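Trainee:
Numbering (the working numbering), first residue to last: 10 to 130.
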């Protein structure tokens, strides 16, 4: 991936990585009511500030977390935020609704904000 391409995106992600995250959430919810994986990548910085380049699923040094539940929805629940804070002080949260085929990205620190995403291949 090559920078933000002049945008003010908070997250850079390829369509193939996004596809793997969505497939993983879908398959995990077959066996349980809640699913979550750690997102790996690189925190980056340029003249417009901090952003994240998502590389995939990881077990080490996460930059975020991807969660889904059988309840659906793309707004993070208190449970989602507790899980996030268990692993990270700040970073990105991806919430997936596998039933509606929707997802949302958030920047999480002391506040939760919608994140702008740039898809790259």
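For each residue, glycine too, the CB sits at the ideal point set by N, CA and C. Please read all numbers here as calculations on a predicted model, not as lab measurements.
Could you spell out the range, first to last residue, of the beta strand (DSSP E) harbouring residue 61?
Mentor: Residue numbering aside, residue 61 sits at position 52 when the chain shown is read from its first letter. Residue 61 -> beta strand (DSSP E) spans 58 to 67.
Trainee: Please classify residue 98: is it buried, with 16 or more other beta-carbons within 10 angstroms of its beta-carbon, or exposed?
Mentor: Indexing the chain shown from 1 puts residue 98 at position 89. Flag for residue 98 reads exposed.
Trainee: Name the residue from 57, 12 and 88 whose alpha carbon lies nearest to the alpha carbon of residue 42.
Mentor: Start at 1 with the first residue of the chain shown, and residue 42 comes out as number 33. Nearest of 57, 12 and 88 to residue 42, Cα basis: 88.
Trainee: Only counting the same chain, and skipping five residues up and downstream in sequence, which positions put a Cβ closer than 7 angstroms to that of residue 133?
Mentor: For residue 133 there is no data in the structure shown, the boundaries of the chain being 10 and 130.
Trainee: Is residue 81 near residue 114, with beta carbons less than 7 angstroms apart?
Mentor: Reading the chain shown from its first residue, position 72 is the one you call residue 81. Reading the chain shown from its first residue, position 105 is the one you call residue 114. Taking 7 angstroms as the Cβ cut-off, residue 81 and residue 114 do not qualify as a contacting pair.
Trainee: Taking the beta carbon of residue 61 as the centre, do at least 16 other beta carbons fall within 10 Å, making it buried, or is it exposed?
Mentor: Numbered from 1 along the chain shown, position 52 holds the residue referred to as residue 61. So residue 61 counts as buried.
Trainee: Run through DSSP, which three-state label would residue 94 get?
Mentor: Position 85 of the chain shown holds residue 94. Residue 94: helix per DSSP, three-state reduction.
Trainee: Please give the ranges of any beta strand (DSSP E) in the region 69 to 118, keeping only runs that are unbroken, at least 3 residues long and fully inside the region.
Mentor: DSSP runs (the beta strand (DSSP E)) wholly in the region 69 to 118: 73 to 78, 100 to 106 and 111 to 117.
Trainee: Take residue 9 as the anchor and find which of 101, 59, 79 and 56 has the nearest alpha-carbon.
Mentor: Here the chain covers residues 10 to 130 and nothing more, so residue 9 does not appear.
Trainee: Do you know offhand how far residue 138's Cα is from residue 50's?
Mentor: Only positions 10 to 130 of the chain appear in the structure, and residue 138 is not among them; the question remains open.
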